[in-house]
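Protein chains in written order, with our numbering: chain A, 9 to 275; chain B, 77 to 573. The beta-carbon is built from N, C-alpha and C at its ideal position, and this holds for glycine as well. Below is one structure, written out as structure tokens, with a few remarks after it.
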């Protein structure tokens with residue numbers, strides 16, 4: 009089902025594993041308090057005490073990157089979770105029952121995809137207000153159509169297969185067939201979609217926070233930090249570079265994972 | 077391939093920023109290109125009171141009132157040649173200057189002046205467009221060169237409000253931009269640029285530049301790049317962080333003439349308690365805010381007045397509350413708000429205020445106060461915070477429309493339309509009313525100073541600083557003049573060879 013020897017998968021797993029370990033440590037300990045300001049140590053270039061240097065408030069960039077990546081990661085996780093859950097339910101129902109349920113739900117789905125996703129997120133933020141929880145909700149809604157469509161397609165395909173017919177003849181209840189019999193069979197496809205969506209979520213969070221709509225200052229998030237770093241690009245390039253690097257690592261790890269997961273299907 | 081796309085996007089976000097800017101100098105000789113950080117308001121009607129400071133500072137070049145301010149804070153006669161006031165300070169008589177023309181070529185008549193003042197004061201509609209001149213009872217023409225303005229209540233400072241723009245009668249100011257200033261409005265492209273040209277029939281000293289293009293550059297970093305590449309000749313109101321990455325250009329440092337403060341909604345339950353407001357004053361070290369958010373450039377303030385208004389400024393108030401976290405904690409404990417938490421709503425397009433708010437959150441954390449920042453768009457800020465008064469605290473800078481103490485102090489009267497902090501003090505209202513009615517200049521100044529002292533003692537807001545204003549220009553540009561007001565005088569810009 010999943011090819012653990014795939015090179016992309018292995019590299020991805022190593023990078024993601026490394027990132028996760030750093031994030032986990034960052035939850036409990038960072039070298040400095042990420043929000044602690046120090047007027048005497050503003051804009052230091054990378055040195056032993058501050059491996060990524062300090063920002064315009066004298067805050068340790070390394071600590072902020074670790075914590076910022078953590079909060080970006082959680083937001084991505086939360087929004088993909090919402091998208092996955094709702095998508096599986098909607099996709100499962102439409103794929104299984106078809107008919108008018110399918111028509112109605114999928115047309116709603118289409119209308120969601122008709123708008124550029126960032127714009128939809130902006131509208132949702134404008135309605136709910138900015139902040140961490142609302143970002144998770146807004147991005148989560150954005151991911152529903154993707155998951156719903158993929159699950160629907162797969163369920164419809166599996167529905168015609170013999171094992172499902174057998175189960176039906178044996179009188180297994182429909183929800184059980186759907187979630188216990190079919191779902192495990194579409195897991196590989198679902199997993200690679202999760203990895204891709206996760207990447208999109210990281211980037212979307214970064215863009216939203218960059219626009220000042222996501223995580224509110226002084227708390228760090230990768231997007232916010234990138235936005236702040238932009239003002240000091242010439243004076244403190246390490247600020248933007250180290251933040252960008254963190255985004256690259258997060259995205260690259262999951263990108264390779266998804267490639268490894270989906271590789272078997274494409275081959 | 078998807079991962080490459082994602083990667084590309086990230087790289088584009090980080091790397092492409094390095095490559096932006098560019099472009100060649102567009103202006104030569106007597107033509108100048110000036111960068112402004114925000115587009116002008118949709119309406120360029122000079123009598124619209126909700127106009128942003130960024131719009132007013134540009135309109136300063138196009139419109140004039142009967143009088144206009146100079147760089148030292150004096151009032152110079154403009155459309156009017158002379159003014160006389162009666163002993164009770166409620167009738168002002170203006171003699172119009174001869175030979176003043178509008179940009180459309182028509183001479184300025186008493187009819188135009190009466191029309192402009194009546195419109196601004198809302199004499200016909202009953203709804204004043206310009207709050208500063210709401211005190212006008214009637215405006216009458218006597219002969220063809222004299223205008224008599226009668227006030228509802230005596231006001232010795234009234235003349236300073238006569239900077240209100242004179243516009244031609246019969247021209248809709250919302251559609252046509254016609255004034256008497258040294259520049260005439262040529263065209264605008266929304267979100268892109270505004271073009272002004274020298275008005276050759278100007279009554280006074282004519283502007284040096286033959287044409288000025290104001291380029292809208294909202295992004296702080298792009299502004300820096302445009303200066304470095306020479307795409308713009310000058311930009312004002314830059315921050316210390318922008319200036320730090322400029323390189324080899326001419327930098328002048330002045331003051332923005334604004335009062336930046338943590339403005340507190342005095343109606344928010346905890347802030348009704350004087351001790352809580354005072355605790356915040358003790359907890360927030362202005363100098364730290366200036367050091368951390370503005371590289372140490374800025375003038376600490378202690379009340380709603382900035383040093384450019386030398387006559388009214390009370391230096392002693394700046395350090396009325398010496399930074400003392402212990403005292404802050406004690407006061408909070410006494411008031412029963414040991415676990416105080418509130419939200420600071422800031423306009424996201426103003427980095428200097430967002431940065432100051434970040435430092436404030438940190439300083440408050442030291443005394444156990446949990447402050448959160450909520451960034452909103454400028455339009456939402458204006459609607460919710462400034463007009464709606466639906467907020468807990470905000471960081472913003474307030475400027476003065478004119479040269480009178482009342483421009484800074486009027487808003488803190490309990491029932492004033494612009495009292496967005498809901499400050500209520502009978503003592504203040506009485507002192508202010510007395511000051512406005514006092515004819516003797518020294519006595520009046522003393523009363524205004526007392527008003528400022530009340531604001532400080534009552535801890536109406538946590539006053540921070542007058543933000544430093546950096547004006548950056550190409551090496552061959554000179555002639556920039558600082559005003560004690562939030563204006564941008566383009567008429568004296570010169571290019572040296």
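Per the contact definition of three or more C-beta pairs closer than 8 Å, is the region 520-529 of chain B in contact with the region 467-487 of chain B? yes
Straight-line gap, residue 433(B) to residue 265(B) (C-alpha atoms, nearest Å): 34 Å
At the level of alpha carbons, what is the spacing between residue 98(B) and residue 305(B)? Interpretation of residue 98(B) is limited by its pLDDT of 40, a score under 50 that renders its predicted location unreliable; no figure is taken from the coordinates.
How about residue 226(B) and residue 143(B): do their beta carbons lie closer than 8 Å? Not closer than 8 Å, so no.
Per DSSP, what kind of secondary structure is residue 541(B) in: helix, strand or coil? Strand, per DSSP.
Using DSSP bridges, identify the partner residues of residue 252(A). DSSP, once it has assigned bridges, lists no residue as partnering residue 252(A).
Residue 43(A) at chain B interface by Cβ criterion, 8 Å: Answer yes: the Cβ-Cβ gap between residue 43(A) and chain B drops below 8 Å somewhere.
For a cutoff of 8 Å on Cβ pairs, would you count residue 327(B) as touching chain A? no
Tell me, which residues are paired with residue 451(B) by DSSP? 422(B)
Name the DSSP bridge partner or partners of residue 549(B)? 310(B), 326(B)
Quick one: grab the DSSP three-state call for residue 139(B). If DSSP states are grouped into helix, strand and coil, residue 139(B) belongs with coil.
Take residue 487(B) and list the residues in its own chain whose beta-carbon comes closer than 7 Å to its own, dropping the five residues that flank it on each side. 494, 495
Considering just the uninterrupted stretch of the alpha helix (DSSP H) at residue 521(B), what are its terminal residues? Note, residue 521(B): alpha helix (DSSP H), 517-533.
Please determine if the region 374-382 of chain B and the region 325-342 of chain B are in contact, where contact requires at least 3 C-beta pairs separated by less than 8 Å. The region 374-382 of chain B is in contact with the region 325-342 of chain B.
Is it buried or exposed for residue 171(A), if we count other Cβ within 10 angstroms and need 16 for buried? exposed
For residue 95(B), is the classification buried or exposed, using 16 other Cβ atoms within 10 angstroms of its Cβ as the cut-off for buried? At residue 95(B) the pLDDT is 40, less than 50, meaning the model places this residue with poor confidence and gives no usable figure here.
Taking the alpha-carbon positions, what's the residue 137(B) to residue 283(B) distance? 10 Å
Neighbouring residues, chain B, relative to residue 268(A) (Cβ below 8 Å): Within chain B, no residue comes near residue 268(A); the closest Cβ sits about 11 Å away, beyond 8 Å.
Is residue 91(A) buried or exposed, if buried means 16 or more other CB atoms sit within 10 Å of its CB? Residue 91(A) is buried by the Cβ-count criterion.
What does a CB cutoff of less than 7 Å around residue 75(A) pick up in its chain, not counting 5 residues either side in sequence? 34, 38, 42, 228
Within the 8 Å Cβ cut-off, does residue 451(B) reach chain A? Residue 451(B) counts as touching chain A.
Which same chain residues, not among the five before or five after residue 558(B), have their C-beta less than 6 Å away from its C-beta? 330
On the three-state DSSP scale, how would you describe residue 257(B)? DSSP places residue 257(B) in coil when its eight states are reduced to three.
Using three-state DSSP, classify residue 275(B) as helix, strand or coil. coil
Could you check whether the Cβ of residue 145(A) sits closer than 7 Å to any heavy atom belonging to the ligand ATP? Only the bare structure without any ligand can be found here, which leaves the ligand ATP out of the picture.
Could you check whether the region 226-245 of chain A touches the region 59-69 of chain A, counting it as contact only if at least three pairs of C-beta atoms, one from each stretch, sit closer than 8 Å? yes
Own chain residues within Cβ distance below 7 Å of residue 497(B), not counting five before or after: 339, 340, 341, 342, 536, 537
Using a Cβ-Cβ cut-off of 8 Å, state whether residue 205(A) counts as contacting chain C. No chain C is part of this structure, whose protein chains are labelled A and B.
State buried or exposed for residue 442(B), treating a residue as buried only when at least 16 other CB atoms are found within 10 Å of its CB. exposed
C-alpha distance - residue 140(B) paired with residue 105(B), whole-angstrom precision: 27 Å
Taking the C-alpha atoms as reference points, what is the distance between residue 199(A) and residue 209(A)? So the alpha carbons of these two residues sit roughly 15 Å apart.
Within a Cβ cutoff of 6 Å, which residues of the same chain sit near residue 153(A), ignoring the five residues on either side of it in sequence? 117, 120, 121
Can you give me the C-alpha to C-alpha distance between residue 396(B) and residue 539(B), rounded to a whole angstrom? 11 Å
Identify which residue in 546(B), 135(B), 507(B), 346(B) has its Cα closest to the Cα of residue 271(B). 135(B)
From the beta carbon of residue 142(A), is the nearest beta carbon of chain B less than 8 Å away? no
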